[in-house]
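Chains as they are written, first to last, in numbering that gives the first Met the number 0: chain A, 0 to 86; chain B, 0 to 86; chain C, 0 to 149; chain D, 0 to 149.
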Amino acid sequence: MSDHRPIRIEYFAKFREAMGRSAEDVALPTAVGSAGMLVEWLRERDEAGHATFDDSVLIAVDDVMAQADTSLDGATSVALFPPMTGG
Amino acid sequence: MSDHRPIRIEYFAKFREAMGRSAEDVALPTAVGSAGMLVEWLRERDEAGHATFDDSVLIAVDDVMAQADTSLDGATSVALFPPMTGG
Amino acid sequence: MSNTRISVSVQAEPFDAGPLMAQLRAAGAGGIANFTGIVRGGNGLSALEIEHHPRMTQAALEQIARDAATRWPLLALTIVHRFGRLDLAAPIVFVGASAVHRAAALDAVAFTIDRLKTAAPFWKREHFTDGKSAWVAPRPADHASAARWD
Amino acid sequence: MSNTRISVSVQAEPFDAGPLMAQLRAAGAGGIANFTGIVRGGNGLSALEIEHHPRMTQAALEQIARDAATRWPLLALTIVHRFGRLDLAAPIVFVGASAVHRAAALDAVAFTIDRLKTAAPFWKREHFTDGKSAWVAPRPADHASAARWD
């Protein structure tokens, strides 16, 4: 069993601009088991991630709104976006 | 100075039907000095008035909403109507 | 003084909410809220008849509109109220408001419709398919709704 | 189960509130309430741009609509929300509800518009006449408005 798994990360709105891309496919360490841990992993990965993500980040796992402790087991995509401003 | 004055009384909705007329011109005793006293005077005048007007009656004096103690000095018309049910 | 553009109409003719809404799209508005009351079928109702006090109605509606414009920063407020005989599903009343922020528009519409249920000289009479008819009794809930703005 | 007729559209195209209101005139309704949000000019704004999450938006709006239909006895509820570049005075969002009684229709519209400000994956960017642009920051007032329904 691999200690990494493939997952697609999507960025929206100001996060997309700050990261300079709308999505990326990464090999995520299996130890990064939750949505919150993925955000922390991005913050530690590089300067862009560190500067971009703070406590306001909203997370969707496979297109369903998630919490920091939502498991990434079996997940194929994670979307990260800032607080919504529709309406 | 006369002890009566001419005044027009108008009836609306169920009061119009109960009184069998939409308006009448009456010679009102000058002692009947307020809107509330006019209602009482109608109640005492005849059976129709007695049966028609209760505490729910709304009163307008010269097309302005009035209270029981609103004076009839100089008034030319009084409208009596039940609680409103518009909208 | 309020700069709200107030429009009030008391009419027998039907109205179309679309053009009324278009009129409310005042420059600078962020939102338009409106409510249309329509004749509700059911319980054997065949038509609604609305009596009013011709000399007082327009002024009463204008007063309600001014009260709303004093309470909320509105760009425009429109009230249309019909009288006469109305068929099932016909529009009875339209209240619309435009404002910079949505809460003002929504609250002003709720206030205005509550007020004109209890403070404008209209009386409804229901006509039924069996030929009977009856004056609509004032609803305690309407008076409670109106009182929450006091 | 709720029998509310729910209609949700996420679209780039403009919409016209008139036909949307006509659709809401469900049989048996006593009232139709609706709100239209429009691009507000001023402060040098030249256009609004709305980004969204294409795979999530429709479902998010449907969930908000179902929540409203659970809270109030509605006959129909319509939500239309645009994305893309919108000119000044263009319509952004339409929320309409029909119900037997007016309070349900009015409250459902207020609830729905509050919810979709904070719980639907849309993000607004403002473009200004001087060429600058900026993402709209979430408004604490919007979160307070949404929270009052919790």
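Glycine residues also receive a C-beta, built at the ideal position from the N, C-alpha and C atoms.
Would you mind telling me which residues of chain D sit closer than 9 Å to residue i, beta carbon to beta carbon, in chain order?
{"i": "M20 of chain C", "result": "A16, G17, M20, N33 and T35"}
Once you ignore the five residues that flank residue i on each side, which residues in its own chain have a CB closer than 7 Å to its CB?
{"i": "T75 of chain B", "result": "I6, R7 and D61"}
{"i": "F14 of chain A", "result": "T51, L79, F80 and P81"}
{"i": "G35 of chain B", "result": "A67 and D68"}
{"i": "R42 of chain A", "result": "G48, H49 and F52"}
{"i": "F34 of chain D", "result": "V94, V108 and I112"}
In the DSSP assignment, what are the bridge partners of residue i?
{"i": "T35 of chain D", "result": "C:I31 and D:F93"}
{"i": "V7 of chain C", "result": "C:I78"}
{"i": "S132 of chain C", "result": "C:H126"}
{"i": "S76 of chain A", "result": "A:R7"}
{"i": "M64 of chain A", "result": "A:A59"}
{"i": "E48 of chain D", "result": "D:R84 and D:R124"}
{"i": "P137 of chain D", "result": "For P137 of chain D, which the question treats as bridged, DSSP gives no partner whatsoever."}
{"i": "S70 of chain B", "result": "B:S33"}
{"i": "V25 of chain A", "result": "A:I6"}
{"i": "L73 of chain C", "result": "C:A98"}
Thinking C-alpha only, which one of the options is nearest residue i?
{"i": "A59 of chain D", "options": "D:L85, D:P120 and D:R138", "result": "D:P120"}
{"i": "M64 of chain A", "options": "D:P90, D:R65 and D:T56", "result": "D:T56"}
{"i": "V56 of chain A", "options": "A:V38, A:D72, A:E43 and A:R44", "result": "A:V38"}
{"i": "L71 of chain A", "options": "A:Y10, A:G19 and A:V31", "result": "A:V31"}
{"i": "D86 of chain C", "options": "C:A21, C:I49 and C:G27", "result": "C:I49"}
{"i": "E61 of chain D", "options": "D:W122, D:R114, D:R138 and D:M20", "result": "D:R114"}
{"i": "E12 of chain C", "options": "C:A89, C:D141 and C:H126", "result": "C:A89"}
{"i": "R65 of chain C", "options": "C:R138, C:T3 and C:A143", "result": "C:T3"}
{"i": "G27 of chain C", "options": "D:A68, D:S45, D:A75 and D:S132", "result": "D:S45"}
{"i": "L23 of chain C", "options": "C:L76, C:L105 and C:G130", "result": "C:L76"}
{"i": "Q10 of chain D", "options": "D:I91, D:I37 and D:F34", "result": "D:I91"}
{"i": "R88 of chain B", "options": "B:G86, B:M18 and B:S1", "result": "The question about residue 88 of chain B has no answer, for chain B in this structure spans 0 to 86."}
{"i": "K116 of chain D", "options": "D:A103, D:L105 and D:H142", "result": "D:H142"}
{"i": "G29 of chain C", "options": "C:R101, C:V38 and C:A140", "result": "C:R101"}
{"i": "A140 of chain D", "options": "C:A103, C:R147 and C:P139", "result": "C:A103"}
Taking just the CA atoms, how far does residue j sit from residue i?
{"i": "F82 of chain C", "j": "H52 of chain C", "result": "10 Å"}
{"i": "F154 of chain D", "j": "P72 of chain D", "result": "For residue 154 of chain D there is no data in the structure shown, the boundaries of chain D being 0 and 149."}
{"i": "A12 of chain B", "j": "A47 of chain B", "result": "15 Å"}
{"i": "A109 of chain D", "j": "D149 of chain C", "result": "21 Å"}
{"i": "A118 of chain D", "j": "V99 of chain C", "result": "22 Å"}
{"i": "R124 of chain D", "j": "S6 of chain C", "result": "35 Å"}
{"i": "T104 of chain A", "j": "H3 of chain A", "result": "Residue 104 of chain A is absent from the structure shown; chain A starts at 0 and stops at 86."}
{"i": "L58 of chain A", "j": "L47 of chain C", "result": "The question names Leu, but residue 58 of chain A is Ile in the sequence shown. Straight-line Cα distance between these residues: approximately 53 Å."}
{"i": "P137 of chain D", "j": "M20 of chain D", "result": "29 Å"}
{"i": "I78 of chain D", "j": "A22 of chain B", "result": "50 Å"}
{"i": "A67 of chain D", "j": "I31 of chain D", "result": "15 Å"}
{"i": "W122 of chain C", "j": "H80 of chain C", "result": "12 Å"}
{"i": "K131 of chain C", "j": "G43 of chain C", "result": "10 Å"}
{"i": "T151 of chain D", "j": "G36 of chain D", "result": "Outside the displayed range of chain D (0 to 149) lies residue 151 of chain D, so it cannot be described from this structure."}
{"i": "W134 of chain D", "j": "R84 of chain D", "result": "13 Å"}
{"i": "R54 of chain C", "j": "V25 of chain B", "result": "20 Å"}
{"i": "G173 of chain A", "j": "V38 of chain D", "result": "Residue 173 of chain A lies beyond the range of chain A shown here (0 to 86); nothing can be said about it."}
{"i": "S1 of chain B", "j": "D54 of chain B", "result": "30 Å"}
Give the interface partners of residue i over in chain B, defined as CB-CB distance under 9 Å, in chain order.
{"i": "A118 of chain C", "result": "M64, M83 and G85"}
{"i": "L115 of chain C", "result": "M83, G85 and G86"}
Chain D partners of residue i, CB-CB under 8 Å?
{"i": "R124 of chain C", "result": "Ordered by position in chain D, no residue passes the 8 Å Cβ test against R124 of chain C, which lies about 16 Å from the chain."}
Mind listing the chain B neighbours of residue i? Cutoff is C-beta to C-beta under 8 Å, in chain order.
{"i": "R54 of chain C", "result": "D62"}
{"i": "V92 of chain C", "result": "G85 and G86"}
Residues of chain C with CB under 7 Å from residue i, in chain order?
{"i": "G29 of chain D", "result": "G36, I37 and R39"}
For residue i, return the contacting residues in chain A, with the cut-off set at a CB-CB distance below 7 Å.
{"i": "E50 of chain D", "result": "F11 and A12"}
{"i": "F121 of chain D", "result": "M83, T84 and G85"}
To which residues of the same chain is residue i closer than 6 Å at the C-beta, ignoring the five residues directly before and after it?
{"i": "G17 of chain C", "result": "none"}
{"i": "M0 of chain C", "result": "The pLDDT assigned to M0 of chain C is 48, lower than 50, so where the model puts this residue is not dependable; a value taken from the coordinates is nonetheless given after this. Cβ neighbours of M0 of chain C beyond the five flanking positions: none."}
{"i": "E9 of chain A", "result": "A22 and A78"}
{"i": "M83 of chain B", "result": "none"}
{"i": "A107 of chain C", "result": "A67, W71, L73 and A96"}
{"i": "G40 of chain D", "result": "L87"}
Who are the neighbours of residue i on chain B, taking C-beta pairs under 7 Å?
{"i": "W148 of chain C", "result": "Within chain B, no residue comes near W148 of chain C; the closest Cβ sits about 14 Å away, beyond 7 Å."}
{"i": "P137 of chain C", "result": "P82 and T84"}
For residue i, which residues in the same chain have their Cβ closer than 8 Å to its Cβ, ignoring the five residues on either side in sequence?
{"i": "T69 of chain D", "result": "S1"}
{"i": "A145 of chain C", "result": "D113, R114, K116, T117 and A118"}
Quick one: which chain D residues come within Cβ less than 7 Å of residue i?
{"i": "A78 of chain A", "result": "H52"}
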